[in-house]
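Under the working numbering, the first residue of the sequence shown is numbered 16, with each subsequent residue one higher.
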Amino acid sequence: MPIHPYGVWCANTVRVTAETAQDDPDSPHIHLFYEDGRGQEYRASINVKSKSSISELAHYRFDNFQHPILAEISDLEMGWHELEKKPGGAALDYIRGNLLNFEDGILLPHDIPGVENDLLDLIMPILQTASSKRSKIYLFGEPYSDMKGIHNIHMNQGSAGGFSQYNGVWQDGGLIIEDVDSGRHIALFLAFGSQAIHTDETTGHAIPNSQVVAELLGHTRPEPDDSDTVPPRPDDTDIILDDRRVAIVGALVNPEGPEGQPEHIGKPELVYLINRSKLGVFLGGWKLLNRNDEAHTLSHDIWLAPGEVRTVTMGSVPLSNSGGLISLLDQNELKVDGVSYTKEEARKSGEIMLFRR
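What follows is the structure, given as structure tokens:
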């Protein structure tokens, strides 16, 4: 079954340790210790190596993380909070929540000789600095049954083999650190190289022919066997590519005037799409989704020439002025692109937000 319960632990960092390749060559972890004001020290166990034939993990770090999820967690009291696994709230989903672009990750081994060339080299300094400052941290994942810590602080969908039983949507792990000096948020997300980047909307299982994270980052996909955790690919001639051939480049989410009222004379809410490929793309049946997964279906006659920018009116599907998401799905309801914006970015009425400069 999917991980349960799922939620976020709001706490202060205390100290951090790591298992090296010599300590544990098979299933090592980083252990982050934290407290939440209840007079007890807890442990967060962070995976840094996979048991799959692709042992590396992809590392996604944001030193000035800005996302509407911050508004959902900023007022949480210290301690554990169970979250509903659905859009529009505080739950994380690497695919549907537009937290990251998979192709921007760095695929790294656990611990090898050298400098800044493995996960321990890149993750430990962040957590050591946070611990020295006793920074506030938000840990997303699944608590241990004794409630003395948390694990599954990584992507929790798109797995195969024995790990597929834990797949689900809106239940991904991760950590967000609130830097006490700058007020910035530092986010760290981890995905196993063997996990698929397209998953079923209900089960979170890998969609056939989907690329896996490592493959997208230049790793050769191994042939799966009965014991492997790499999702099988039934047909190598029909690979689902994650190339953002059509991208969301801008949006007008806060038009001038009272929206939805007869006296409104400004522009409607708009999304701007660009064809980045060398071929024309037929957009009939494609969908634009808002943060609550409400969908606007594009008309059957939209054709986007190479390099063309097209304005799409969102009609009855609202784009929130309080921060939100915009996702683009193709005719097979596979994600092509996605962006996020904050309340501050949407504050000025009549201005077009640009997502790719």
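C-beta atoms are modelled at their ideal positions from N, C-alpha and C, and glycine is treated no differently.
Q. Is the Cβ-Cβ distance between Ala211 and Ser174 less than 9 Å?
A. yes
Q.
What does the alpha-carbon distance come out to for the pair Gly339 and Leu190?
A. 20 Å
Q. Nearest-angstrom Cα distance between Ala73 and Lys64?
A. 10 Å
(Q) Considering Cα atoms alone, identify which of Val261, Asp308, Arg362 and Pro270 is closest to Asp345. (A) Val261
Q) Which first and last residues belong to the alpha helix (DSSP H) in which Ile138 is found? A) Leu134 to Lys148
Q) Which residues in the same chain as Leu137 place their Cβ atom closer than 8 Å to its Cβ, once the five residues preceding and following it in sequence are excluded? A) His74, Arg76, Ile121, Leu123 and Glu131
Q: Could you check how far apart the C-beta atoms of Ile18 and Asn224 are, in whole angstroms? I think they sit under 8 Å.
A: No, Ile18 and Asn224 are not in contact; Cβ-Cβ is about 26 Å, not under 8 Å.
**Q.** Rounded Cβ spacing between Lys148 and Arg58 (contact assumed at less than 8 Å)
**A.** In fact, because the Cβ distance is near 19 Å, the residues do not count as touching under 8 Å.
Q: List the endpoints of the continuous beta strand (DSSP E) containing Ala229.
A: Not the beta strand (DSSP E): Ala229 falls in the alpha helix (DSSP H), residues Val228 to Leu231.
Q) Across which residues does DSSP place Gly54 in a beta bridge pair? A) For Gly54, which the question treats as bridged, DSSP gives no partner whatsoever.
(Q) Classify Asp133: buried if its beta carbon has 16 or more other beta carbons within 10 angstroms, exposed otherwise. (A) buried
Q. Hey, how far is the Cα of Glu366 from the Cα of Ile45?
A. Between the alpha carbons of Glu366 and Ile45 lies a gap of roughly 44 Å.
Q: Give the C-beta separation of Pro321 and Ser292 to the nearest angstrom, bearing in mind that I take them to be a contact with Cβ-Cβ under 8 Å.
A: Yes, Pro321 and Ser292 are in contact; Cβ-Cβ is about 6 Å, under 8 Å.
**Q.** Other residues of its chain near Ala145: CB distance less than 7 Å, five sequence neighbours each side excluded
**A.** Thr28, Ile152 and Ile192
Q: Can you tell me which of the three DSSP states Glu97 falls into?
A: strand
Q. When every heavy atom of the ligand COA is checked, does at least one fall within less than 8 Å of the C-beta of His200?
A. With respect to the ligand COA, the structure offers nothing, as it holds no ligand at all.
Q) Is the region 102–115 touching the region 349–359 in the sense that three or more CB pairs, one from each, lie closer than 8 Å? A) Cβ pair count under 8 Å is three or more, so yes.
Q. If Leu334 and Asn305 are in contact, beta carbons under 8 Å, what's the gap, nearest whole angstrom?
A. 6 Å
Q) In the DSSP assignment, what are the bridge partners of Ile61? A) Ile45
Q.
Can you give me the C-alpha to C-alpha distance between Glu309 and Val332, rounded to a whole angstrom?
A. 6 Å
Q. Who are Leu303's beta bridge partners in DSSP?
A. His311 and Leu343
Q.
The beta strand (DSSP E) that contains Leu349, what's its start and end?
A. Note, Leu349: premise wrong, no beta strand (DSSP E); not H, not E.
**Q.** Under 9 Å between C-beta atoms of His220 and Asn182
**A.** yes
(Q) Does Met329 pass the burial test, meaning 16 or more other C-beta atoms within 10 Å, or should it be called exposed? (A) buried
Q. Within this structure, are the beta carbons of Gly11 and Leu319 separated by less than 9 Å?
A. A query on residue 11 cannot be resolved here, the shown segment of the chain reaching from 16 to 372 and no further.
**Q.** Own chain partners of Phe297 with C-beta closer than 6 Å, once the 5 adjacent residues on each side are dropped
**A.** Trp318
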